[in-house]
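The block underneath contains the structure these notes are about, expressed in structure tokens.
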Amino acid sequence: MENAKYDVVVLGGGPAGYAAAMRAIDFGKRVCLIERGKIGGAGVYHGALSSKTMWELAQRVKNVNEAIVSVGRKQFEVSWEEVKKTLGEAIFERRFQYSCHIKLLMTERKDLFTYHRGHGKMLTPHQVEITRETGEKFCVDTDYIILATGSRPNKMASIPVDEKIIMTSDGIEEMPDYPKSLVIVGAGVIGCEYATIFSNFGKTKVYLIDRADEILPFEDDDITKIVSDNLEKHGVTIHHSAQLVRMEIVDGEVEYEIDCNGKKEIIRVEKALLAIGRLPNIQNIGMEELGIKLGRTNKHIGDDDTQTNIPNIYAVGDCSGRIMLVNMGEIEARHAIEKIFDNKVERLSYDNICTIMFLDPEVAAVGVNEKHCIKNNIPVKIVKLDYSVITRAIAMRKTEGFFKIIVTNDNEMKILGMRVVGEHASTAIQGVALLIKMDKGIAELSELIHPHPSIVEGVQECVRMLLNRSIFKSSVFKDKLACYSLVDGVKTPLQRL
């Protein structure tokens, strides 16, 4: 049988691969999308959608209990069966959208779009072999290839992961009930998110193993302190500066030994979760045979603005190993297609990436943080505003948190980064992200009228503080407001009224 010919073949049907295929259709190109598992990938299953659905539900439980327990009412509980039902509904809704969309495309735009369920492997830079679950194999020809094969949870060779007792994010949602106790290995974003979720449900004693002195070691200390304090307030035991000596399954439970600054401790819990990052899925896709180079860590695909060392092959999303976020995977995929078919020359910028950490409270971030500026000796001005002076936060009775905006230490005061910690934090970063991309200062923000009452008004007040036009004066309201320069690692308060 003669091989089908396409303008572009996409390996992987997760968020990045799907975005690449859809953007290629926009240009009227023939595209073949290959996925060996489920369309949507980790963006739908055992990843962003499912974990955030759990987080939303856990937050509601926590918020209800904060309101009713204080007045003497019995604590509100949600059964694990109800949690799994909600998860199933959310996943089904997204999966149904994808499946219907694909079926309609294959009917209404079959001239442009083809979808194959199976494993794709590059034989040459212009030919891909597809192996179905039945073992049937066939090949397709193409002008370009987009690698969007996603990632999987990282594991440790010394720990026996069975996805039932010792789990990764692939197995945590499949438990038959809440565990009575759970240890989480890894205090990065994923580990802290799951610690937040299970502690907020109030049915599980959570332990968190943190190799560093503080959780979220890449973030500023004032952020990690709020998150850490809230985790401990909800009963989480954080093993700081802890080295995991061993972890094994004993009598159907998990026994682990840690070493905290020379002091060893053995603890028995019901379940364990490994949250130690993710690894790109780049095995058996023909990389070695074609000579596609790896990145600096030799664990992901190396690329130059999404393009590999083979000019017609591109790598996007988790497999590129840059930033493993759904939104970045989609942006990289669209960028690659635009480079190929629209001759786009502007390089993709990673300076204004918006991220949300689903913790307690919520953390939103864009651009650099204070820790980065100190490490790289970048002179900046920093303004910090407490949530307790924001009208919307007061109305919600959610006054824990702060805004922090970082600008250049000059008269232009171009925005370099922002962190928001607190309720609705994620609603406040988009405008600032746009200004970072545009390389603009705070003048534009100072003229923008924000809706009232809203959390985003915190941005406005931060800008006013930098311009010495604030409603509250930082020299007076010192426990709520701060405005200072940071030069050579030294903080100096800015002279304000």
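Per the numbering used here, the very first residue in the sequence shown carries number 132; after that it's consecutive. Where is the CB? At the ideal position from N, CA and C, for every residue including glycine. Given the structure is predicted, the values throughout are model-derived calculations rather than measurements.
Query	Result
Isoleucine 444 beta carbon less than 8 Å from that of leucine 254	no
Which residues DSSP lists as bridging aspartate 157, in chain order	The partner list for aspartate 157 (beta bridge, DSSP) is empty, contrary to what the question assumes.
Sequence-distant residues of the same chain with beta carbon closer than 8 Å to isoleucine 441, five excluded per side	Pro256, Leu421, Gly422 and Ile423
Buried or exposed by the 16-neighbour rule on C-beta atoms within 10 Å, applied to arginine 427	exposed
Helix, strand or coil at aspartate 619 according to DSSP, with G and I counted as helix	coil
Beta-carbon proximity check, glycine 281 vs alanine 173, cutoff 8 Å	yes
Proximity of valine 590 and glycine 572 at Cβ, strictly below 8 Å	no
Contained beta strand (DSSP E) runs [length at least 3] in the stretch 262-331, N- to C-terminal order	268-278, 282-284 and 312-316
First and last residue of the uninterrupted alpha helix (DSSP H) at threonine 439	Note, threonine 439: premise wrong, no alpha helix (DSSP H); not H, not E.
Where the beta strand (DSSP E) containing leucine 405 begins and where it ends	402-405
Classification of glutamate 419 by the beta-carbon crowding that lies within 10 angstroms, buried from 16 upward	exposed
Lysine 183 versus Phe329, Leu612, Leu235 and Gly145, residue with shortest Cα-Cα distance	Phe329
Cα-Cα separation between lysine 431 and lysine 286, rounded to whole angstroms	Inspection of the sequence shows that residue 431 is occupied by histidine rather than by lysine. Between histidine 431 and lysine 286, the C-alpha separation is close to 16 Å.
Cβ-based neighbour list, isoleucine 525, same chain, cut-off 8 Å, excluding 5 preceding and 5 following	Ser519
DSSP beta-bridge partners of tyrosine 137	Thr273
Spatial distance of aspartate 435 from asparagine 194 (CA atoms)	46 Å
Three-state class that DSSP yields for lysine 506 in the structure shown	helix
C-beta contact flag for leucine 405 and histidine 370 at 8 Å	no
Whole-angstrom C-beta distance between leucine 479 and threonine 437, which should lie under 8 Å	7 Å
Inter-residue CB distance, serine 312 and threonine 335 (contact presumed, cutoff 8 Å)	7 Å
Beta-ladder partner(s) of arginine 399, from DSSP	Glu386
Given glycine 448 as reference, the closest of Asn412, Glu212, Gly266 and Ala326 once Cα atoms are compared	Asn412
Three-state class that DSSP yields for alanine 147 in the structure shown	helix
Under the three-state DSSP convention, the category tyrosine 229 falls into	helix
Given cysteine 485 as reference, the closest of Lys502, Gly460, Lys475 and His466 once Cα atoms are compared	Gly460
Rounded distance between the beta-carbons of valine 337 and valine 367, thought under 8 Å	5 Å
Per DSSP, cross-strand counterpart(s) of valine 569	Position check: residue 569 holds methionine in this sequence, whereas valine was assumed. According to DSSP, methionine 569 bridges with nothing at all.
Completely contained alpha helix (DSSP H) runs for the stretch 342-368, where each covers 4 or more residues	352-364
Separation of serine 451 from isoleucine 513, as counted between CA atoms	33 Å
Identity of the residue in Arg240, Phe534 and Arg226 nearest isoleucine 156 by Cα	Arg240
Buried/exposed call for histidine 555, threshold 16 Cβ in 10 Å	buried
Run of the alpha helix (DSSP H) containing histidine 466, from where it starts to where it stops	457-472
Reduced DSSP category for valine 127 - H, G, I as helix; E, B as strand; rest coil	Since the displayed the chain opens at 132 and closes at 628, residue 127 lies outside it and no answer follows.
Buried versus exposed, by CB contacts within 10 Å (16 or more), phenylalanine 223	exposed
Continuous beta strand (DSSP E) stretch holding cysteine 593: start and end	Run containing cysteine 593: none in the beta strand (DSSP E); it sits in the alpha helix (DSSP H), 588-597.
Residue range of the beta strand (DSSP E) that includes isoleucine 487	485-488
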